[in-house]
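In this note's numbering, the protein residues as written are 398 to 688.
Note that beta-carbon positions come from the ideal geometry of N, C-alpha and C, so glycine has one too.
In what follows, a single structure is set out as structure tokens and then discussed.
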Ligand SMILES: Nc1ncnc2c1ncn2[C@@H]1O[C@H](COP(=O)(O)OP(=O)(O)O)[C@@H](O)[C@H]1O
Ligand SMILES: [Mg+2]
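Structure follows, in structure tokens:
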């Protein structure tokens, strides 16, 4: 995480491709969004609160896009609650071979970066103040050897705190997906996070309802655990698509515990990936063209 040293001639080093772009005025200037470099689409995955399955949905989606032959990476921006490495069964340490930090790779070849790789074990916390977390997130985006990517998925920290604000202000996000569970809706917290994204001009690509239903293992009957879905209503209210619903499936939690989420595939996950790709295409088609 070292600051780059001044060049011998005393001139400031030229910004690396994909590095942070600052307004004139030096380090005290206002931080602008970083360059996308060789990443075609940056999609953030957020939620109102933790525990709704945001990291699981991010990882499942990344694996599905990978199965389709797309180059996809995952940036775990949940610095204090990193869980993507656990879901994929990955561990640090990270190395730098001269082309930036080398991300870890899942079994299917998805590059992953996470604060989890910077600490000794799963129980060691990252206790950093905001400015340092900001620097780390910027480094995770621009200082990592992602290679060319079709999609970079960002597992956002939940809520509307300092860190999501940093991500919105520094990373050039093309759009955002929100994961919610039926009971999450009851407290309306997710709407705060969705409103924050909207207020910061991040296009909303759709919502995913997680733990929406369960298929009875005995009779196969589908049970809506929390009654009829209210997520559709939220999607309608915001004028965005309901990308799909994921069941409460013991295979998802078991896969997460075993680090084998990369291998979990289902018609629901496929459907969500289709809907997400369509929403991104739609959003891009409606973006005003700058001449
Ligand atoms: N659809 C699901 N079915 C079963 N377990 C799930 C499902 N989604 C998430 N989980 C489990 O719930 C826990 C929290 O999920 P996680 O993705 O870490 O949530 P978040 O990132 O929102 O905090 C994990 O143990 C995960 O395996
Ligand atoms: Mg998480």
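Fill in: Segment limits, beta strand (DSSP E) that includes residue 511
508-511 is the span of the beta strand (DSSP E), which, as asked, contains residue 511.
Worksheet item: Within 8 Å: the Cβ of residue 474 and any heavy atom of ligand 1?
Response: For ligand 1, not one heavy atom lies less than 8 Å from the Cβ of residue 474.
Item to complete: Return yes when at least one heavy atom of ligand 2 lies under 8 Å from the C-beta of residue 443, else no.
Response: Answer for residue 443: no, Cβ out of range of ligand 2.
Discussion item. Only counting the same chain, and skipping five residues up and downstream in sequence, which positions put a Cβ closer than 8 Å to that of residue 677?
Written reply: Correct list, in chain order: 438, 440, 571, 572, 602.
Worksheet item: According to the Cβ coordinates, are residue 609 and residue 626 closer than 9 Å?
Response: It is a contact, given that the beta carbons lie within the stated cut-off.
Discussion item. In the DSSP output, what is residue 620 paired with across the bridge?
Written reply: The secondary-structure analysis by DSSP pairs residue 620 across a beta bridge with 611.
Worksheet entry | Sufficient close CB pairs (3 or more, under 8 Å) joining the segment 473-486 to the segment 655-672 | Touching, yes.
Worksheet item: Shortest alpha-carbon distance to residue 464 belongs to which of 482, 566, 622, 507?
Response: Ranked by Cα distance from residue 464, the options 482, 566, 622, 507 are led by 507.
Practice prompt. Return the Cβ separation of residue 533 and residue 666 in integer angstroms, given the expectation that the two are a contact with Cβ distance under 8 Å.
Written response: Incorrect: roughly 30 Å between the Cβ atoms, too far for contact.
Worksheet item: For residue 634, does the three-state DSSP call read helix, strand or coil?
Response: Helix.
Worksheet entry | Inter-stretch contact (C-beta, 8 Å, three-pair minimum) for the segment 468-481 and the segment 502-516 | These segments touch.
Worksheet item: Residues bridged to residue 501 by DSSP?
Response: Its beta-bridge partners are 509.
Worksheet item: Do residue 468 and residue 547 come within 9 Å of each other at the CB atom, strictly closer than that value?
Response: Contact: yes.
Worksheet item: Assuming residue 652 contacts residue 556 under a Cβ cut-off of 8 Å, what Cβ separation, rounded to an integer in Å, is found between them?
Response: Cβ-Cβ separation between residue 652 and residue 556: approximately 26 Å, too far for a contact (criterion under 8 Å).
Worksheet item: residue 523 to residue 515, Cα distance in whole Å?
Response: Near 9 Å, if we compare the C-alpha coordinates of residue 515 and residue 523.
Worksheet item: Name the DSSP bridge partner or partners of residue 575?
Response: Residue pairing for residue 575: DSSP places it in a beta bridge opposite 443, 604.
Worksheet item: Name the DSSP bridge partner or partners of residue 639?
Response: Per DSSP, the beta bridge partners of residue 639 are 604.
Discussion item. Looking at ligand 2, does it come within less than 8 Å of residue 447, judged from the CB to the closest heavy atom?
Written reply: For ligand 2, at least one heavy atom lies less than 8 Å from the Cβ of residue 447.
Worksheet item: Which residue or residues does DSSP assign as beta-bridge partners of residue 645?
Response: Partner(s): none; residue 645 has no beta bridge.
Worksheet entry | Backbone secondary structure at residue 478 - three-state DSSP | Judged by DSSP in its simplified three-state form, residue 478 adopts coil rather than helix or strand.
Worksheet item: In terms of residue numbering, what span does the beta strand (DSSP E) encompassing residue 671 cover?
Response: From DSSP, residue 671 is part of no beta strand (DSSP E) but of the alpha helix (DSSP H) over 664-683.
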